[in-house]
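Residue numbers (this note's numbering): 20 to 338. Don't be surprised by glycine CBs; every beta carbon is placed ideally from N, CA and C. The next block holds one structure in the form of C-alpha cells; read it before the comments.
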Amino acid sequence: MALFSYTEKKDTRSGFGDALLALGREDERIVALTADVAGSVKMTAFAREFPERFFDTGIQEANMMGMAAGFTLEGKIPFASTFAEFATGRVYDQIRQAVAYSETNVKIAASHAGLTVGEDGATHQALEDIGMMKMLPGMTVINTCDYNQTYNATLAVARHQGPVYLRFGRPKVPNFTPKDMPFEIGKGWLMQEGTDVSIIATGHLVWEAVQAVERLAGEGISAELINIHTIKPLDDELILASARKTGAVVTAEEHSILGGLGESVARLLALHHPVPQEFVAVQDQFGQSGKDFELMKLYGLDAAHIVAAAKKAVGRKCS
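See the structure below:
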C-alpha cells in the first residue's frame with residue numbers, strides 16, 4: 020500500500036504566487052517586489068490586482084533588497100522575489116546589512132532553487148543558498164516540498180515577525196501535502212514512523228523519500244520519515260527523538276552537501292546523540308544544463324540513492 024498518493028503535479032512557485040495574492044486581499048500591508056521576473060515567480064496576478072503595491076525594480080536585485088528593508092520601516096510586509104541564485108549570491112551584502120543585521124521584517128521569496136532550474140544551467144542553479152542564509156543571525160530558513168506546503172508556508176511567513184528566506188522551485192512536482200495542514204515554522208512533520216533508520220528530507224527530496232520508504236519496506240527495512248521544511252530553526256526535539264529510536268540517519272536535500280540540512284543535522288547529532296549518518300545531496304560541485312529529472316538522477320538526488328544511503332546507514336549501525 021502506498022504511503023502517500025497524489026492526484027496532480029503543481030509547481031511550488033505557484034503555491035507562493037497564489038498565497039501572495041490571497042494575502043494581498045486580506046492585508047493592505049503586503050507589498051511585492053521583483054527584479055524583472057514577475058511571471059517566473061508568479062507575481063503577475065498580484066501585480067494586476069494591486070498595482071500600487073507591486074514594484075518591479077528591473078535587474079537590480081541589490082536595490083530591491085534595500086527597498087524591501089525600507090518598506091518595513093513604514094510598517095509594510097514586503098515579499099522580495101527572484102531566482103534563488105540572484106536572491107542570495109548576488110545580493111548577500113545587502114541581505115546581511117539591511118535585512119539580517121538590521122532585523123527588518125523582509126520576506127525573501129526565492130524561486131527556481133536547486134538543480135531543477137534545469138536547462139538554465141550551473142549559473143542559475145542555487146546549491147549554496149541554504150548555507151548562506153542559515154548562517155545569518157536571526158534569519159529563518161524554509162524549504163517547501165509541494166504546492167500546498169508552499170501556499171501554507173507563505174501565509175505563515177507573512178504572520179512571522181522577522182526576516183525569512185523562503186525557498187521553492189520551478190518544476191511541477193507531486194502535490195501530496197494535505198491542503199488544510201497547518202504550517203508551523205520550526206516544527207517538522209513526522210510522516211511515517213519506523214524503527215531501523217530515520218530519513219530526514221526537505222524540499223523536492225521529500226517525495227523521493229516517500230518512494231524510498233516504500234521500497235525499503237518491501238525489503239524489510241522500517242524507515243522513519245521526517246519532512247523538515249524549516250531548516251532554521253531546526254526541530255531539534257523531533258530529530259533527536261527519531262535518531263535515538265532508530266540509531267541511524269539519512270538526510271536528503273536538493274542542495275550542496277556543504278552547508279545545508281545535512282550539516283545542520285550532523286551538528287545536532289554530534290552535540291547530543293552521535294549515530295551513523297549518510298548524506299544525499301549534491302557533492303562539492305556545480306550543476307549543469309539538462310532536464311530537471313535527468314539532473315536529479317545524475318547527481319544522486321532520487322529515491323534509489325536514498326534507498327542505498329539508508330542501507331549503508333543501517334549497515335554502519337550494525338557493524
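| said: According to DSSP, simplified to helix, strand and coil, what is Gln296? | reply: Walking along the sequence shown from the start, residue 296 turns up at place 277. It is a strand residue.
| task | Would you kindly work out how many angstroms separate the C-alpha atoms of Asn162 and Asp148, rounded to a whole number? | result | If you number the sequence shown from 1, residue 162 lands on position 143. If you number the sequence shown from 1, residue 148 lands on position 129. Each residue's alpha carbon lies about 11 Å from the other.
| task | Just the C-alpha distance for Ala88 and Val118, rounded to the nearest angstrom, thanks. | result | Here residue 88 refers to the residue found at position 69 of the sequence shown. Here residue 118 refers to the residue found at position 99 of the sequence shown. Each residue's alpha carbon lies about 6 Å from the other.
| query | Which residue's Cα is closest to the Cα of Lys206: Ala21, Pro190, Gln168? | reply | Here the question's residue 206 lines up with position 187 in the sequence shown. Minimum Cα distance to Lys206 is reached at Gln168.
| Secondary structure at Ile276, three-state DSSP: helix, strand or coil? | Within the sequence shown, numbered from 1, the residue matching residue 276 stands at position 257. Coil, per DSSP.
| request: Decide if Met210 is buried, meaning its Cβ has at least 16 other Cβ atoms within 10 Å, or exposed. | output: The residue you call residue 210 lines up with position 191 of the sequence shown. Counting Cβ neighbours within 10 Å, Met210 comes out buried, since at least 16 surround it.
| field | Sub-8 Å separation of Ala128 and Ala145 beta-carbons | value | Locating residue 128 in the sequence shown gives position 109, counting from the first residue. Locating residue 145 in the sequence shown gives position 126, counting from the first residue. It is not a contact, given that the beta carbons lie outside the stated cut-off.
| Ile340 to Gly266 span [Cα, whole Å] | Beyond the ends of the chain as shown, which are 20 and 338, falls residue 340; an answer cannot be given.
| Alpha-carbon spacing of Ser241 relative to Glu80, whole angstroms | On the sequence shown, residue 241 is found 222 positions in, with the first residue counted as 1. On the sequence shown, residue 80 is found 61 positions in, with the first residue counted as 1. Using only the alpha carbons, I get a separation of about 46 Å.
| Euclidean distance between Cα positions of Phe341 and Glu47 | The structure shown does not extend to residue 341, since the chain spans only 20 to 338, so no value can be given for it.
| Tell me, which residues are paired with Arg109 by DSSP? | For this step, residue 109 is matched to residue 90 along the sequence shown. For Arg109, which the question treats as bridged, DSSP gives no partner whatsoever.
| said: Which of the three DSSP states is assigned to Ser341 in this structure? | reply: The structure shown does not extend to residue 341, since the chain spans only 20 to 338, so no value can be given for it.
| When we look at the beta-carbon of Asp199 and count the other beta-carbons within 10 Å, is it buried (16 or more) or exposed? | In the sequence shown, counting from the first residue as 1, residue 199 sits at position 180. By the neighbour-count rule (16 or more Cβ atoms within 10 Å), Asp199 is not buried but exposed.
| said: Are the CB atoms of Thr159 and Ile219 within a distance shorter than 8 Å? | reply: Here residue 219 refers to the residue found at position 200 when the sequence shown is read from its first residue. Here residue 159 refers to the residue found at position 140 when the sequence shown is read from its first residue. No, the pair does not count as a contact, with Cβ atoms beyond the cut-off.
| Buried/exposed call for Ala289, threshold 16 Cβ in 10 Å | Along the sequence shown, one-based indexing puts residue 289 at 270. Ala289 is exposed by the Cβ-count criterion.
| Could you check where the beta strand (DSSP E) with Arg234 kicks off and where it finishes? | For the purposes of this step, residue 234 is taken as the residue at position 215 of the sequence shown. No beta strand (DSSP E) contains Arg234, which is instead part of the alpha helix (DSSP H) from 224-237.
| Assigned secondary structure, Leu320 (DSSP; H/G/I helix, E/B strand, else coil) | The count along the sequence shown starts at 1 and reaches residue 320 at position 301. Leu320: coil per DSSP, three-state reduction.
| task | Can you grab the Cα-Cα spacing for the pair Ala21 / Ala175, in whole Å? | result | On the sequence shown, residue 21 is found 2 positions in, with the first residue counted as 1. On the sequence shown, residue 175 is found 156 positions in, with the first residue counted as 1. If you take the alpha carbons of Ala21 and Ala175, they lie about 30 Å apart.
| query | From this set, Val125, Phe73, Gly278, His223, which residue's C-alpha is nearest Met154's C-alpha? | reply | Against the sequence shown, residue 154 aligns to sequence position 135. When only C-alpha atoms are compared, the closest one is Gly278.
| What separation, rounded to the nearest whole angstrom, lies between the Cα atoms of Glu45 and Ala177? | One-based indexing of the sequence shown puts residue 45 at position 26. One-based indexing of the sequence shown puts residue 177 at position 158. When rounded, the distance between both Cα atoms is 11 Å.
| request: Pick helix, strand or coil for Ile114, following the three-state DSSP scheme. | output: Start at 1 with the first residue of the sequence shown, and residue 114 comes out as number 95. Ile114: helix per DSSP, three-state reduction.
| query | Can you tell me the Cα-Cα spacing of Tyr25 and Phe195, whole angstroms? | reply | Indexing the sequence shown from 1 puts residue 25 at position 6. Indexing the sequence shown from 1 puts residue 195 at position 176. Going from the Cα of Tyr25 to the Cα of Phe195 covers about 5 Å.
| In chain order, what residues of the same chain lie with their CB nearer than 8 Å to the CB of Ser283, ignoring the 5 residues before and after it? | Here residue 283 is taken as the residue at index 264 of the sequence shown, counted from 1. Once the five neighbours on either side are set aside, the close Cβ partners of Ser283 are Lys153, Ile250, Lys251, Leu253.
| To the nearest angstrom, how far is it from the Cα of Ser33 to the Cα of Gly58? | The sequence position of residue 33 within the sequence shown is 14, counting from 1. The sequence position of residue 58 within the sequence shown is 39, counting from 1. Whole-angstrom Cα-Cα distance: 10 Å.
| request: Find the nearest neighbour of Pro201 within the set Thr173, Met83, Leu92, Ala64, judged by alpha-carbon distance. | output: Within the sequence shown, residue 201 is the residue found at index 182, counting from 1. For the residues Thr173, Met83, Leu92, Ala64, the minimum Cα distance to Pro201 belongs to Thr173.
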